[in-house]
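Data block below; observations after.
Number of protein chains: 2
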Amino acid sequence: MSGVGEARPGGRTARTRDAVRRATLAELADKGFDGLTVEAVAVRSGVHKTTVYRRWRNAAGLAADALDLAAEEPWPLPDTGVLRDDLRAITAMVVSGFEDPGRGPIARALVGAAVRDPTTGAALHGFLVGRLAQAEVVVQRAVGRGELPVGTDAGEVVRTAVGALYYRLFITREPVDAGQARRAADAAEAAARAGVFVRDDPAATPDGAT
Amino acid sequence: MSGVGEARPGGRTARTRDAVRRATLAELADKGFDGLTVEAVAVRSGVHKTTVYRRWRNAAGLAADALDLAAEEPWPLPDTGVLRDDLRAITAMVVSGFEDPGRGPIARALVGAAVRDPTTGAALHGFLVGRLAQAEVVVQRAVGRGELPVGTDAGEVVRTAVGALYYRLFITREPVDAGQARRAADAAEAAARAGVFVRDDPAATPDGAT
Numbered sequence: 001m002s003g004v005g006e007a008r009p010g011g012r013t014a015r016t017r018d019a020v021r022r023a024t025l026a027e028l029a030d031k032g033f034d035g036l037t038v039e040a041v042a043v044r045s046g047v048h049k050t051t052v053y054r055r056w057r058n059a060a061g062l063a064a065d066a067l068d069l070a071a072e073e074p075w076p077l078p079d080t081g082v083l084r085d086d087l088r089a090i091t092a093m094v095v096s097g098f099e100d101p102g103r104g105p106i107a108r109a110l111v112g113a114a115v116r117d118p119t120t121g122a123a124l125h126g127f128l129v130g131r132l133a134q135a136e137v138v139v140q141r142a143v144g145r146g147e148l149p150v151g152t153d154a155g156e157v158v159r160t161a162v163g164a165l166y167y168r169l170f171i172t173r174e175p176v177d178a179g180q181a182r183r184a185a186d187a188a189e190a191a192a193r194a195g196v197f198v199r200d201d202p203a204a205t206p207d208g209a210t
Numbered sequence: 001m002s003g004v005g006e007a008r009p010g011g012r013t014a015r016t017r018d019a020v021r022r023a024t025l026a027e028l029a030d031k032g033f034d035g036l037t038v039e040a041v042a043v044r045s046g047v048h049k050t051t052v053y054r055r056w057r058n059a060a061g062l063a064a065d066a067l068d069l070a071a072e073e074p075w076p077l078p079d080t081g082v083l084r085d086d087l088r089a090i091t092a093m094v095v096s097g098f099e100d101p102g103r104g105p106i107a108r109a110l111v112g113a114a115v116r117d118p119t120t121g122a123a124l125h126g127f128l129v130g131r132l133a134q135a136e137v138v139v140q141r142a143v144g145r146g147e148l149p150v151g152t153d154a155g156e157v158v159r160t161a162v163g164a165l166y167y168r169l170f171i172t173r174e175p176v177d178a179g180q181a182r183r184a185a186d187a188a189e190a191a192a193r194a195g196v197f198v199r200d201d202p203a204a205t206p207d208g209a210t
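Chains as they are written, first to last, in full-length UniProt numbering: chain A, 1 to 210; chain B, 1 to 210.
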């Protein structure tokens with residue numbers, strides 16, 4: 001019911017937060033986490049410096065809030081009808097997210113900051129756990145179609161698919177490409193099909209067996 | 001032919017380097033990478049501060065040299081006669097290396113430093129690429145025994161086995177345990193057995209087919 005720019009409850013706060021987030025991401029793209037400062041974000045966002053200090057405190061607070069906001073955005077998950085193709089689409093999104101000339105440096109700076117800083121680390125944990133939980137639906141659908149054994153731990157499957165790529169990107173610092181993304185998806189799918197990720201908890205109730 | 005403590009070529013330099021390395025690891029265990037300083041390493045090692053500055057420059061140089069020295073140490077690789085058990089032994093070593101009360105904090109500090117600092121990152125790259133190349137022998141033996149298809153990329157198999165664990169430890173910050181180590185090994189084995197890691201380069205010559 002409110003028009004754009006009208007003073008509605010939460011509207012100004014949400015706009016301020018979004019302006020600070022955009023400025024934070026732009027600063028990360030330009031200067032990385034080591035160059036991220038409250039001062040530069042205040043100038044770039046047009047939000048008063050004392051407001052930014054009071055609410056976000058420091059670089060880690062700015063990076064963490066950018067991740068918190070990103071966590072609220074839905075992930076466009078595939079639904080091809082075939083688990084391997086769904087997983088391939090997901091690993092391709094992960095690789096393109098880091099390799100993209102625009103978003104890549106921001107994503108790399110956020111992960112790098114998270115490994116070294118506990119505040120950003122906790123925010124990345126929340127962001128990724130949320131994304132991974134969303135992605136589990138592709139595995140649950142595959143179980144429902146009979147592609148995978150009942151009792152397959154969907155979280156393990158999606159972590160296996162994307163984990164090998166993060167390992168190369170951030171730990172061994174080796175190049176990743178579309179072929180690696182495809183093999184990482186195929187490996188998770190083959191292992192899941194072989195029953196590696198079936199929960200061995202005897203109390204677990206298989207889907208549909210209630 | 002030289003006795004301990006005798007002035008032989010290289011002996012004193014090697015002892016200095018080892019003393020600095022030990023002091024670096026002890027400082028990392030106590031204070032992490034953020035608390036690592038040339039001054040503290042000089043005091044702890046008994047090596048003169050100007051020598052440490054001249055040769056190692058800063059915290060990143062100290063951490064990188066500790067990784068370079070570790071890279072020269074042989075890794076006690078398993079040879080059980082069964083690929084899955086060999087891979088399980090390797091992933092169990094990775095997890096225990098990070099969970100060990102003594103070595104764990106040092107290993108975590110070095111990986112954390114490597115993600116944020118290019119000098120340490122290059123040293124970790126060298127260390128891990130060397131370790132992974134050593135570990136490839138367990139996959140090559142499995143190909144030789146007929147457990148895996150000819151043309152399997154051994155490097156991909158070992159990276160898949162350990163990558164899922166690093167992803168949880170350093171990226172999502174989730175706990176890892178013996179069960180996760182076992183499943184990571186089994187997933188790599190199942191994917192390799194299914195042919196996911198067979199090189200699709202038509203020019204590649206299969207082992208023994210020359």
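The C-beta atom is built at its ideal place from N, Cα and C for all residues, glycine as well.
This one's a predicted model, so the numbers in the text were calculated from it and none came from an experiment.
Give the DSSP-derived three-state secondary structure of residue i in the structure shown.
i: B/T172; result: coil
i: A/M198; result: In the sequence on display, residue 198 of chain A carries Val and not Met. Three-state result, A/V198: strand.
i: A/T152; result: strand
i: A/T80; result: coil
i: B/D100; result: coil
i: B/W56; result: helix
i: A/P118; result: helix
i: B/A190; result: helix
i: B/G112; result: helix
i: B/T37; result: coil
i: B/R141; result: helix
i: A/G32; result: coil
i: B/D177; result: coil
i: B/G146; result: coil
i: B/G46; result: coil
i: A/G72; result: In the sequence as presented, Gly is not what sits at residue 72 of chain A; that position holds Glu. Coil.
i: A/T16; result: helix
Here's the rule: buried if 16 or more other CB atoms are within 10 angstroms of the residue's CB, otherwise exposed. What is residue i?
i: A/S45; result: buried
i: B/R159; result: buried
i: B/G64; result: One point to set straight first is that residue 64 of chain B is Ala, not Gly, in the sequence displayed. Buried: at least 16 other Cβ atoms inside 10 Å.
i: B/G121; result: buried
i: A/W75; result: exposed
i: B/Q134; result: exposed
i: A/T13; result: exposed
i: B/D186; result: buried
i: B/D117; result: buried
i: A/D86; result: buried
i: B/R54; result: exposed
i: A/R108; result: buried
i: B/G163; result: buried
i: B/R193; result: buried
i: B/G61; result: buried
i: B/R88; result: buried
i: A/G102; result: exposed
Using only the alpha-carbon positions, how far apart do residue i and residue j sit?
i: A/A29; j: B/L110; result: 26 Å
i: A/A142; j: A/V157; result: 11 Å
i: A/E136; j: A/G130; result: 10 Å
i: A/R22; j: A/T16; result: 10 Å
i: A/L67; j: A/L25; result: 10 Å
i: B/G126; j: A/T50; result: 45 Å
i: A/A154; j: A/L124; result: 20 Å
i: B/R168; j: A/V43; result: 37 Å
i: residue 213 of chain A; j: A/A19; result: With chain A covering only 1 through 210, there is no way to say anything about residue 213 of chain A.
i: B/T152; j: B/A188; result: 12 Å
i: A/W56; j: A/L69; result: 13 Å
i: A/G195; j: B/V82; result: 19 Å
i: B/T91; j: A/T80; result: 33 Å
i: residue 211 of chain B; j: A/L36; result: Residue 211 of chain B lies beyond the range of chain B shown here (1 to 210); nothing can be said about it.
i: B/G32; j: A/F33; result: 19 Å
i: B/D177; j: A/I106; result: 32 Å
i: A/V138; j: A/P149; result: 14 Å
i: B/F98; j: A/E27; result: 34 Å
i: B/L165; j: A/H48; result: 43 Å
i: A/S96; j: A/V198; result: 30 Å
i: A/A59; j: B/V94; result: 32 Å
i: B/E72; j: B/R173; result: 29 Å
i: A/L77; j: A/L132; result: 11 Å
Hey, is residue i close to the ligand FMN, as in C-beta under 8 Å from one of its heavy atoms?
i: B/R168; result: In the structure on display, the ligand FMN does not appear, and there are no ligands present to speak of.
Cβ-based contacts, 9 Å cut-off: residues of the segment 160-186 of chain A near chain B: T160, V162, G163, A164, L165, Y166, Y167, R168, F170, I171, T172, R173, E174, G179, Q180, R183, A184, D186
Using a Cβ-Cβ cutoff of 9 Å, what residues of the segment 189-202 of chain A are near chain B? List them in chain order. E189, A190, A191, A192, R193, A194, G195, V196, F197, D200
Quick one, which residues of the segment 103-121 of chain B are near chain A if we go by CB-CB under 7 Å, in chain order? V111, G112, V115, R116, G121
Determine which residues of the segment 124-136 of chain A have a Cβ less than 7 Å from any Cβ of chain E, and write them out in chain order. No chain E is part of this structure, whose protein chains are labelled A and B.
Between the segment 78-100 of chain B and chain A, which residues of the former have a C-beta closer than 7 Å to a C-beta of the latter? none
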